[in-house]
């Protein structure tokens, strides 16, 4: 038969056995490490043939590596171990062989912690089970860490909480170079998808380290998100360029974008969590990164543009571009310039209609647009670079209206644009020649049949002439039956005391054109209908004797009608600009005095308001212009007057009007404002510096810094210290800025609590951080661990009270001095607070450290020296020695255990298993005390090589131990003894009919998979099988009995089951009980004394009192006899089951099921069972 050769073996030299234990001379091999490899990390090919790398210690990342050649190395690394250690996704050729897709996918099943452990010197022989490999890595790289001391939120498995309380929680993540990168958080919980392993160092009374593997304990390529998750921002992912990248909405998994490294964020993303899935290739684990919910962006106006010509009647539109959703753009407020730098509110445009039509009121003004927002945001406004100009005078929508008959007036009307309308010209082709150029004509009989035309020429008030327009009217007709209206004329008569103009109605025209000014009232003798002929239509003005000219009808013609005549009153003109009803108003809260007035005289232009200050002597002094004036403290006790000079839109100035005077009383200005409030801060303010607001002459507590206030603050004043978000940091005169306030814009507000008015507000200087420093710096040494068989020591640096901003990663320079030297030399430079040293190497050294304190911005403070500490002298200990060793199977025979007895000296044992193949030892890669039994153990003798290691790492003796027997013989079951047990008693002297027999089996070897028992009875000198099973109840047919026991073992490593059989050690003789026989015989004889018939299933009650025995069914007594016996009840007789309940004595119940006894006390169980068995047998016969 061809022998099998175990896998993964190395041929070793034979070793001479001594009492089953073989000693091997020590071997010393100096191995290289990958740390000495100087090849650039960007290399694509590494050829490292014939090297002495025992493991992957010191290996760096080669992300672009394609080809790797390690042939001839002292250790033959497995492909799986190489892929896990190098973690180069592009690695396609190892030792001249192509890397299969399956091998690459298999390497991703192993956690990144396995890679970390391999690169720190862990045994490169990786178990096939990824979970076992992970456990191996944790035990090697983090022997003192706890990988179970964390919990996940049941509703959010991305929320990780460490279960250990502490003062500081320092979190790190294993990055793409397989080094621990610090995360800027000091919380007991952290939110992460756990794509990469996490480490949390909890500093407290007792420092604890918690290691948290990936969520699926598989390797995920390292990636990270860059950018802020804010609207209008951009987030990007740092990942290999060949990766498949998918951006999704985290809530509904909707795909946003694919195959791009950058994702712009829009307003649609606000409130959403963005997930980025990165996969190096199909079938490999996906790395998922998530953002925080996308925040609304800071509202900003990107641009505001004004389009259109600044000419009256033109539309100007505004193009507004914004970004950010923290505020909402609501519209644009339109302002026009007024006199003395003031602005007048015109209208507000909605955000969806940003168009404004320039009007005649805008002529000569500058237009300003102010953007309106809701929810904050910086303001934005735009002012036109030129003033609004009037458009050219123009008539539009012109027409001639009237009856078109002789004697009825015709009116020429049109819409005028182009500044302020002047005296426009109207030229008619009918009627008498009228030099007054009126917009009305009265056809005569000579005009019948003529086509009416009117040439209308627009004129502006400044004399500018527009393009004439001609309008036509159908031919004039006769009046017909209707009476012809006579035209009459109004002539001025007098002006009444009330200022009303009295006019007469005459038949003759005086030849003068009546001018009615705005606001004037005309009174005539008759009641008439009044009408206004405007530029666009005719407006009815009611019925009566009087008419008052209105402002909106300037340049319009006034006409009156009766049933018999009509007359033209004249044209309405603007009155001279006037300002009346002047009123002064003072607002104490704002200290503003303002004036209101009523303007008349056409359209108001840039009216001038002058303010005069009047002293106690009555002298008036002009001090300001504008519709309002801000009163200051020096104005208390003085009087003020406003002088208003009205100006019309066309530039006409009216007569100046003075207001009454108003005196500013001392009580009108609050006393607190006598000295303007002001705060003077020191030029530089540092964290933890106590600021106290006080006047210059006041004292502040020692160690505090004074902020000088210009006046004494009263009880009604409250001081608020707020950050840029409006959050209240402190209230009162004292503020202690902390590290959280660094680089923050902090506002100090002083508010009058009575009227909630802000009296003063100022930004305080930016708070600066102190130079980084610590206190109570010291160095300590603690016991370490056994690493690679050598004892280590931990040296740590400790400090208190860090100051200088947010604490960052400090630099610590470790120095040591040999016992025979006076100079310190640098032994390490780290960012962590401890180092691990070899106890033997640094024995009796003097150690010190220099701490360079650093804040989170990388700013360094002055170096600080620790105390010096001496490493204790390492004791010289003898190496542990082996007294005896043996290989044993485990209890379940699934593994071999190498039990070693030592002489008690301190140290450890290293194990290495192998097989004896053709007389040579061949070794496997199994180096644990216990290993699994395999099929190879049945083909080749297994053995275990032992190596003793001292506490300082020194190697001791070596030995080999073999299995004491053949493996197949080890798996063969051996039955030592088989004895009968009667009624549960192992030491039975006699066996009787009715006894329940079981077996006591004593065996050695592996646990039996199956045990078969056959019961045999001797009949006529021959043994016959009577039953199978674990127990047997004897009956009257039994005399000589024995059992055959067959024990079978089956296991996964066995090709076929192994069995062993054995007869019972003794053959028993079953004896009938004489008392039982007598009782059963008596019952049988008693049956002859009654002749009842019993059907199967009938219930029969047998009862016994002191003197009689009675049998009854449900309806009648079947038998009665006097006998001293037991009380019994027989019921439910079936073919497969017999249940018998017997009651004897007072309170004991016996229950039998399938001939088996289950209870009874007064009558022994064995006697009761035998009695009923014999009785039933005899009744049956």
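Residue numbers (full-length UniProt numbering): 1 to 1181. Quick reminder that beta carbons are idealized off the backbone N, C-alpha and C, glycines included. Being a predicted model, the structure only gives us computed values, none of them experimental.
Cβ-Cβ distance between residue i and residue j below 8 Å
i	j	result
residue 1010	residue 949	no
residue 599	residue 486	no
residue 795	residue 847	yes
residue 603	residue 656	no
residue 422	residue 461	yes
residue 234	residue 264	yes
residue 765	residue 805	no
residue 710	residue 743	no
As assigned by DSSP and simplified to three states, the class of residue i
i	result
residue 1040	strand
residue 108	coil
residue 854	strand
residue 114	helix
residue 758	strand
residue 388	strand
residue 310	coil
residue 131	helix
residue 101	helix
residue 973	coil
residue 279	strand
residue 522	strand
residue 1219	This structure leaves residue 1219 out entirely; the chain is present only between 1 and 1181.
residue 871	coil
residue 864	strand
residue 615	coil
residue 146	strand
residue 996	strand
residue 880	coil
Residue interval of the alpha helix (DSSP H) (run including residue i)
i	result
residue 902	Not the alpha helix (DSSP H): residue 902 falls in the beta strand (DSSP E), residues 895-902.
residue 937	936-939
residue 86	79-86
residue 968	967-970
Contacting residues, own chain, Cβ-Cβ under 7 Å from residue i (five flanking each side not counted)
i	result
residue 900	882, 885, 909 and 946
residue 45	66 and 67
residue 95	69, 70 and 71
residue 560	528, 529, 530, 566, 567 and 569
Endpoints, beta strand (DSSP E) assigned at residue i
i	result
residue 836	834-838
residue 412	410-417
residue 729	728-731
residue 1026	1022-1028
residue 491	486-495
Same chain only: Cβ atoms within 6 Å of residue i, ignoring 5 sequence neighbours per side
i	result
residue 1051	none
residue 782	794
residue 865	850
residue 576	601 and 654
residue 780	796
Rounded C-alpha distance that separates residue i from residue j
i	j	result
residue 61	residue 38	12 Å
residue 998	residue 891	26 Å
residue 441	residue 427	10 Å
residue 1058	residue 914	26 Å
residue 748	residue 762	5 Å
residue 405	residue 451	12 Å
residue 73	residue 275	45 Å
residue 387	residue 329	27 Å
residue 327	residue 297	9 Å
residue 813	residue 828	6 Å
beta-carbon residue i near the ligand SAH non-hydrogen atom, thresh 7 Å
i	result
residue 272	With respect to small molecules bound, the structure shown includes none, and the ligand SAH cannot be examined in it.
Own chain, CB closer than 8 Å to residue i, minus 5 neighbours either side, in chain order
i	result
residue 488	505, 506, 507, 565, 566 and 567
residue 683	765
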